[in-house]
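Report on the following structure.
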Amino acid sequence: VFQLSLPLNFLGTVYRELRQSLIDMDTLFNLQSVGTTIKDAPNAKPLALTKGGEIRFENVAFGYHKDRPIFRDVSFTIPAGTKVGIVGPSGCGKSTVFRLLFRFYEPSSGKIFIDGQELHDIELESLRKEIGVVPQETPLFHSDIMHNIRYGRLDATDDEVKEAARLANVDRTIESLPDKWKTKVGERGMMISGGEKQRMAVARVLLKDPKILFFDEATSALDSTTEVDLMRNINQTLLSKARTSIFIAHRLKTVADADLIIVLRDGRVAEQGTHSELMSRGGLYRSMWDQQNSTLQELDEAEAVNEAR
Ligand code: ATP
């Protein structure tokens with residue numbers, strides 16, 4: 450009983466931690482090699498980014514459970530070095546794109562390629578090294594800030610950590626804390642705002658310096674000024690270098706300037722194109738856009754009425 454329950458409990462804990470944080474996943478999987486049956490194929494090779502990070506999904510089908518398909522037939526190409534938005538109704542599988550690309554799960558049919566190399570033939574470690582993520586909720590360990598940011602690249606020096614924090618625009622906040630870089634955060638630690646946490650996530654990713662970047666937009670955590678600020682910060686730091694960047698967006702405005710927007714619905718790519726192409730098409734994207742803007746307008750009007758009272 451003991452032998453059986455221990456690993457199960459352990460897996461349960463690991464699983465919960467994984468759900469909390471996308472960025473933690475790679476390290477947890479790598480360190481503990483549990484929670485996944487996915488291993489390197491015998492002939493696996495390190496990922497060679499010969500084109501700079503082109504991502505291709507080819508007729509991908511996938512479901513977390515056999516009887517509930519999430520993707521039925523998903524195909525798209527994300528050219529290397531472009532900024533792409535993935536949008537669609539809640540639960541359509543936006544974050545699943547990331548989980549498949551990171552190879553936490555495998556498609557039940559179809560193939561995924563990075564620069565022409567099928568995911569299945571790539572060494573996991575080299576794959577995960579090239580993909581960075583700014584998650585919705587940034588996990589902080591109960592440890593000091595220096596350690597929390599260094600997590601992006603464990604061999605980074607103190608100076609490199611500080612430089613990343615400076616670029617991510619969070620260094621001054623840190624310097625103003627009583628214990629500065631030694632301030633304990635995470636559970637029972639100093640309270641850090643959602644915006645500051647996301648800046649630390651940006652600093653982590655800057656240290657990791659991946660060729661492929663996922664940004665998982667927070668649904669609610671940030672107020673709109675902080676949000677605009679953070680996006681500007683991301684554009685200036687992470688996107689100033691050639692990277693393939695994929696934005697999982699709830700607010701369509703976040704990706705209106707993207708080179709390509711992929712709209713997922715009912716397990717398929719419903720439509721794709723630039724913002725203006727999708728707007729003139731008058732399909733799902735257009736109706737989502739109109740709906741979000743009318744909601745924003747209603748909020749503005751309600752606020753104006755309140756203020757007038
Ligand atoms: P949202 O916009 O609400 O963040 P999403 O489009 O990113 O959603 P996913 O997180 O990719 O959607 O999830 C797609 C579907 O798969 C959802 O219905 C979700 O409940 C389900 N799902 C996600 N992860 C798992 C899991 N580990 N096990 C079982 N079902 C899952």
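When you number the sequence shown by full-length UniProt numbering, it's gap-free, plus one each residue, and the end is 758.
For glycine and all other residues, C-beta sits at the position ideal for the given N, C-alpha and C.
Taking the Cβ atom as the reference point for each residue, do residue i and residue j lie within a distance shorter than 8 Å?
{"i": "T693", "j": "T531", "result": "yes"}
{"i": "G716", "j": "P518", "result": "yes"}
{"i": "I527", "j": "I697", "result": "no"}
{"i": "I580", "j": "F511", "result": "no"}
{"i": "D570", "j": "N492", "result": "yes"}
{"i": "I710", "j": "L687", "result": "no"}
{"i": "A719", "j": "G732", "result": "yes"}
{"i": "Q585", "j": "A497", "result": "no"}
{"i": "E555", "j": "D489", "result": "no"}
{"i": "I487", "j": "R552", "result": "yes"}
{"i": "G502", "j": "K611", "result": "no"}
{"i": "V533", "j": "I683", "result": "no"}
{"i": "L713", "j": "W738", "result": "no"}
{"i": "Y734", "j": "R653", "result": "no"}
{"i": "E624", "j": "L656", "result": "no"}
{"i": "F520", "j": "T545", "result": "yes"}
{"i": "V582", "j": "Q647", "result": "no"}
{"i": "G635", "j": "H591", "result": "yes"}
{"i": "K631", "j": "M595", "result": "yes"}
{"i": "E666", "j": "T622", "result": "no"}
Here's the rule I'm using: 16 or more other beta-carbon atoms within 10 Å means buried, otherwise exposed. How should residue i be labelled?
{"i": "Q740", "result": "exposed"}
{"i": "V450", "result": "Any answer about V450 is weak, because its pLDDT of 40 lies below 50 and its placement is not dependable; what the coordinates show is given next. Exposed, by the Cβ-count rule."}
{"i": "E645", "result": "buried"}
{"i": "N755", "result": "exposed"}
{"i": "A617", "result": "buried"}
{"i": "A650", "result": "buried"}
{"i": "D604", "result": "exposed"}
{"i": "Q685", "result": "exposed"}
{"i": "D516", "result": "exposed"}
{"i": "D564", "result": "buried"}
{"i": "T744", "result": "exposed"}
{"i": "D620", "result": "buried"}
{"i": "D706", "result": "exposed"}
{"i": "N597", "result": "buried"}
{"i": "L480", "result": "Low per-residue confidence applies at L480: pLDDT is 40, beneath 50, and the placement is therefore not dependable, though the value from the model is reported in the following sentence. By the neighbour-count rule (16 or more Cβ atoms within 10 Å), L480 is not buried but exposed."}
Nearest CA to the CA of residue i: which residue from the options?
{"i": "E633", "options": "Y600, S729, D593, F663", "result": "Residue identity check: residue 633 is Lys in the sequence provided, not Glu. Nearest C-alpha to K633: D593."}
{"i": "C541", "options": "E574, Y513, D628, T606", "result": "Y513"}
{"i": "M640", "options": "A613, S689, R681, L589", "result": "L589"}
{"i": "F506", "options": "T499, R548, S539, R602", "result": "R548"}
{"i": "Q721", "options": "V509, K494, A613, G537", "result": "G537"}
{"i": "residue 807", "options": "A691, S736, N742", "result": "This structure gives no information on residue 807, because the portion of the chain shown stretches from 450 to 758."}
{"i": "E574", "options": "P495, T587, I561", "result": "P495"}
{"i": "D708", "options": "V509, A529, N508", "result": "A529"}
{"i": "S557", "options": "R615, V509, L550", "result": "V509"}
Go ahead and pull the three-state DSSP assignment for residue i.
{"i": "E567", "result": "strand"}
{"i": "S558", "result": "strand"}
{"i": "H596", "result": "helix"}
{"i": "Q721", "result": "strand"}
{"i": "residue 433", "result": "This structure leaves residue 433 out entirely; the chain is present only between 450 and 758."}
{"i": "F520", "result": "strand"}
{"i": "L498", "result": "coil"}
{"i": "D739", "result": "helix"}
{"i": "L603", "result": "coil"}
{"i": "D678", "result": "helix"}
{"i": "G534", "result": "strand"}
{"i": "K633", "result": "strand"}
{"i": "T686", "result": "coil"}
{"i": "residue 412", "result": "The structure shown does not extend to residue 412, since the chain spans only 450 to 758, so no value can be given for it."}
{"i": "T744", "result": "helix"}
{"i": "V546", "result": "helix"}
{"i": "S575", "result": "helix"}
{"i": "S642", "result": "coil"}
{"i": "L656", "result": "helix"}
Mind checking whether the beta-carbon of residue i lies closer than 7 Å to any heavy atom of the ligand ATP?
{"i": "S539", "result": "yes"}
{"i": "I710", "result": "no"}
{"i": "T545", "result": "yes"}
{"i": "I695", "result": "no"}
{"i": "I519", "result": "yes"}
{"i": "H514", "result": "yes"}
{"i": "G542", "result": "yes"}
{"i": "H569", "result": "no"}
{"i": "H699", "result": "yes"}
With 8 Å as the threshold, decide whether the Cβ of residue i is near any Cβ in chain B.
{"i": "V533", "result": "No chain B appears in the structure shown, which is made up of a single protein chain."}
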